[in-house]
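Here this note's numbering runs 1291 ahead of the position in the sequence shown, where the first position is 1. All C-beta atoms in this analysis are idealised placements derived from N, C-alpha and C, irrespective of residue type, glycine included. Keep in mind that this is a model prediction, so the values were computed, not measured.
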Amino acid sequence: MLCNFKIFKNKLINKKLLMPNYFAEIDVSNKVLRVIVCDNKEWCENNLGGTWVQTYKDKPDKTFPGIGFLYHPVKNNFSSTQPYPSWTLDDNCNWQPPTPMPELTQEDDPDSHYSWDESSLSWVLTTLVPQ
């Protein structure tokens, strides 16, 4: 006998908790158009048309996409759009600056943070001025 109970948007079937399947529709330039919950890729293609790629919400080595993200077929993963021209994509589809962001020190103002400056290809320490 097959049991089908809804629990917090997941399904409990024969005492096994199944996570929902997520699929992203991509255009010809691999840009994400939408992300849906669906049983399988074939259902998406047959009923909605388009090109669909399965994605994962709870896998640490995968990026869960949103509208406008890019799909990288070789890596079978997604990334946000490139934040700056000098940044490169790493193996996990995260954008990396040419130089790592420095750590804040104890001497730095607690209202300080680093911002990327593309014109100098470096991090700039900025202090927020209280209003």
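Cβ neighbour criterion (16 or more within 10 Å) applied to residue i
i: I1317; result: buried
i: F1299; result: Confidence in F1299 is poor, its pLDDT being 45 and thus under 50, which makes the residue's placement unreliable; the coordinate value appears in the next sentence. So F1299 counts as exposed.
i: W1334; result: exposed
i: T1372; result: exposed
i: T1346; result: buried
i: T1354; result: buried
i: V1328; result: exposed
Per-residue DSSP class, three states only, for residue i
i: K1322; result: strand
i: T1417; result: strand
i: S1406; result: strand
i: P1311; result: coil
From the options, residue whose alpha carbon lies closest to that of residue i
i: S1377; options: S1411, P1393, L1419, L1416; result: S1411
i: S1406; options: T1342, P1351, D1330, Y1375; result: Y1375
i: M1392; options: M1310, V1319, W1414; result: W1414
i: N1367; options: A1315, V1420, M1310, P1311; result: A1315
Cβ of residue i within 8 Å of any chain C Cβ
i: Y1347; result: No chain C is present in this structure, which holds just one protein chain.
- Taking one C-beta from the stretch 1346-1360 and one from the stretch 1322-1333 each time, how about it: are there three or more such pairs within less than 8 Å? They touch, by the three-pair rule.
- Query: Residue ranges of each beta strand (DSSP E) run of no fewer than 3 residues wholly in the stretch 1319-1404, ordered along the chain?
  - Reply: Qualifying beta strand (DSSP E) stretches, in chain order: 1323-1328, 1342-1346, 1361-1363, 1368-1370.
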